[in-house]
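Participant: Anchor point for the sequence shown: position 194 equals 194 in UniProt numbering, and the numbering is continuous, going up by one each time.
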Amino acid sequence: MAEGLGCFISGLIGPGVGITTHAENVGVIGITRVASRVTMIFGGCTLIAFGVVTKLGAILSAIPDPLVGVVLSTSMAMVGGVAIANVQTVDLKLTRNVAILGFSIMLGVIVPEFYERNPTIVATGYRTLDQVIQVLLSLPMFVGAATACFLDNTVGGATRQQRGLRERGTVWEECDGERDVYLYPNKFQQIIDSFPILRYLPFIPKRKYVKEDKKNNEKQRNGVKIVPNENFV
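(1) Alpha carbon to alpha carbon, how far is A145 from G164?
(2) How would you call S104, buried or exposed, if buried means at least 16 neighbouring beta carbons within 10 angstroms?
(3) How many Å lie between residue 242 and M106 at the Cα?
(4) To the nearest angstrom, how far is it from the Cα of I197 to the Cα of A62?
(5) Give the list of continuous alpha helix (DSSP H) stretches no shorter than 4 residues that lie fully inside the stretch 118–147.
(6) I'd like to know if the stretch 149–164 and the stretch 90–104 are in contact, where contact means that at least 3 CB-CB pairs between them fall below 8 Å.
(7) Mapping DSSP to helix, strand and coil, what is L94?
(8) At the level of alpha carbons, what is the spacing between T159 and L67?
(9) Anyone know if the C-beta pair for G30 and V82 falls short of 7 Å?
(10) Below 8 Å, can you find three or more Cβ-Cβ pairs linking the stretch 75–92 to the stretch 129–137?
(11) Would R28 and S75 be called neighbours here (beta carbons separated by less than 7 Å)?
(12) State the start and end residues of the unbroken alpha helix (DSSP H) segment that holds P66.
(13) For A49, which residues in the same chain have their Cβ closer than 7 Å to its Cβ, ignoring the five residues on either side in sequence?
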């Protein structure tokens, strides 16, 4: 959603540059274990300086290609490992989950390859719609994710916990205190909290919900049953 909003604003301004998240950055965070917002801001300012001051940019161009390849390979390996690690919350002893996982991976590999060999197989008569379908069906990640999402939500035979989802009204204990790092500095966070409508944007951190999350985690550790709250995000 944040990427979509960024691309929308970028299109309105007119620079013609899409806004997207580089998966390599996720891998770097996984390796260094550093996800501080201050560190990210400092790194962004450093890259801006490299782009504006040509002499600093020459330092990056002097890095040997093999070294760049090693760094990218390591970060991308972490991205793949993190993606596979997400399956650990799913009960893979259940035939249903194994079948959905395998079928999704299979279609994610076969469908883009088939559509690349037969690009005219889908012809709706509308050029724009044909282009959209062509882009979507040529993306293995989209085909695999869409297949897994559809099958997981339509095929029965598994509880929420077996599907890797938390029970309604409960909170993951691992989330205790970790969401504080996503809060903005106090002054800026106070401005955000003053606009209630921003609470509906999932990428905007909310101070009161972080506190409520900690409170619920404390109750769980003390053996207190938590009643589901519709306003809890």
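Backbone N, C-alpha and C fix where the C-beta goes; we use that ideal spot for every residue, glycine too.
Facilitator: In terms of the structure at hand:
(1) Inter-residue distance for A145 and G164 is about 15 Å (C-alpha atoms, whole angstroms).
(2) The residue is buried, with at least 16 neighbouring Cβ atoms inside 10 Å.
(3) The structure shown has nothing for residue 242, since the chain only spans 1 to 233.
(4) Cα-Cα distance, rounded: 48 Å.
(5) Within the stretch 118–147, the complete alpha helix (DSSP H) runs of at least 4 residues are 127–137.
(6) Yes: the two stretches touch, three or more of their Cβ pairs being nearer than 8 Å.
(7) Three-state result, L94: coil.
(8) So the alpha carbons of these two residues sit roughly 47 Å apart.
(9) Yes, the Cβ-Cβ distance between G30 and V82 is below 7 Å.
(10) Output reads no: the stretch 129–137 does not touch the stretch 75–92.
(11) The sequence shown places Val at residue 28, not Arg. Taking 7 Å as the Cβ cut-off, V28 and S75 qualify as a contacting pair.
(12) D65 to A85 is the span of the alpha helix (DSSP H), which, as asked, contains P66.
(13) Within the same chain, and ignoring the five residues on either side of A49 in sequence, the residues whose Cβ sits closer than 7 Å to its Cβ are L56.
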